[in-house]
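K.L.:
Residue numbers (this note's numbering): 99 to 426. The beta carbon of each residue, even a glycine, is placed where N, CA and C say it ideally should be.
Okay, structure coming up:
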């Protein structure tokens, strides 16, 4: 395959980042079409990048693309993904892969059955500070991972898509929009699966039924323990708070997303600042190369299934006020 032809559904904030990222890959990738239910928005993006515009994603799928990028509201992911796979296209689906574990499993099974790639948009894995942290941890520079802690207080409001604050469209709310990233990268950094969770979250939500905060304890197969504590209300706030601390048996790691990586051990310590980074470009390159090289992408459909299993367990735990095992 000389050039991977790409179609993108959804021209909101994430969709525009994907169009820009794939457009920077040179001859190995070409964005050939975009679509959005807001046709005027799609036309503006199409004009900016000189690509075809579609009002219906099925027409985009019929145009002969190799990769279908789904950057639409969470509740739409399942249907678009299934239709894309039935049209013989590989997928990049924004997280979460689907709004339920059953839907995520169906997508993963169909992709495997059709021998198509299905990547999930856990783009933060591709940040330089996360890649550096991953290498340190695989080299056991901080020893065995004992604890991982993620804390976030993020801005909402106009900085996030409007649909996220609507119960009918928001799906999993911030649990599926922001917290899921932390849940994913803890497992990826630890190279271990979550076995059980204990969680608290306001299930009634504050805005039309969506979930906007979570406190969760994660138990990993490796014996490591993780926590994710976060809140993202529908207000605009400058300088949001994001922090990841990894405690190892022989050292400590502090990741400040988009800013720096700090590593401290008995023998040395250093801070590496992030100068310039674009995780969407790195992710786009990985997905395109997974198609060209016929390999799994960095974050595959089965990573999406596992994260869906964890989210489902979190919701059940919050409802029952009990520790819940994560389905395999």
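1. Put residue 275 into one of helix, strand or coil per three-state DSSP.
2. Answer yes or no: do residue 378 and residue 119 have a C-beta to C-beta separation smaller than 8 Å?
3. Assess, as a yes-or-no matter, whether the stretch 337 to 356 is touched by the stretch 242 to 259 under the definition of 3 or more beta carbon pairs within less than 8 Å.
4. Residue 420 by DSSP, collapsed to three states: which one?
5. How far does the alpha helix (DSSP H) with residue 119 in it reach, from first residue to last?
6. Under 7 Å Cβ to Cβ from residue 111, same chain only, skipping five residues before and after it: list those, please.
7. Mind checking which residues open and close the alpha helix (DSSP H) that includes residue 182?
8. Give me, in chain order, the residues of the same chain whose beta-carbon lies closer than 8 Å to that of residue 323; leave out the 5 immediate sequence neighbours on both sides.
9. Contact defined as beta carbons within less than 8 Å: I believe residue 189 pairs with residue 221. What is the distance between those atoms, to the nearest angstrom?
10. Apart from the five residues just before and just after residue 219, which ones in its own chain have a Cβ nearer than 6 Å to its Cβ?
11. Please work out which residues of its chain come closer than 8 Å, Cβ to Cβ, to residue 333, disregarding the five sequence neighbours upstream and downstream, and give them in chain order.
12. Starting from the C-beta of residue 163, find all residues in its chain whose C-beta is less than 8 Å away, skip the five residues before and the five after it, and write them out in chain order.
13. Where residue 356 and residue 382 are concerned, what is the direct C-alpha to C-alpha distance, given to the nearest angstrom?
14. DSSP state of residue 378, grouped into three classes?
15. Measuring CB atoms only, is the stretch 269 to 277 touching the stretch 390 to 401, in the sense that at least three cross pairs come out at less than 8 Å?
16. Give the range of the beta strand (DSSP E) segment to which residue 354 is assigned.
17. Which residue comes first and which comes last in the alpha helix (DSSP H) that contains residue 393?
18. Any idea if residue 242 is buried or exposed, counting beta-carbon neighbours within 10 angstroms, 16 or more meaning buried?
19. On a Cα-Cα basis, can you pick out the residue from 108, 365, 297 and 370 that is closest to residue 167?
20. Could you check if residue 262 is buried or exposed, using at least 16 other CB atoms within 10 Å of its CB as the buried criterion?
21. Residue 82 to residue 387, Cα distance in whole Å?
22. Take the Cβ of residue 277 as the centre, count every other Cβ of all protein chains shown within 10 Å, and call the residue buried at 16 or more, exposed below.
P.N.:
Reading it off the structure:
1. helix
2. yes
3. yes
4. coil
5. 111 to 121
6. 259
7. 175 to 184
8. 244, 245, 246, 315, 316 and 317
9. About 15 Å; that fails the 8 Å criterion.
10. 192 and 193
11. 253, 254 and 255
12. 103, 104, 105, 130, 131 and 187
13. 18 Å
14. helix
15. no
16. 349 to 354
17. Counting along the chain, residue 393 falls outside any alpha helix (DSSP H), and DSSP gives it neither H nor E.
18. exposed
19. 108
20. buried
21. Since the displayed the chain opens at 99 and closes at 426, residue 82 lies outside it and no answer follows.
22. buried
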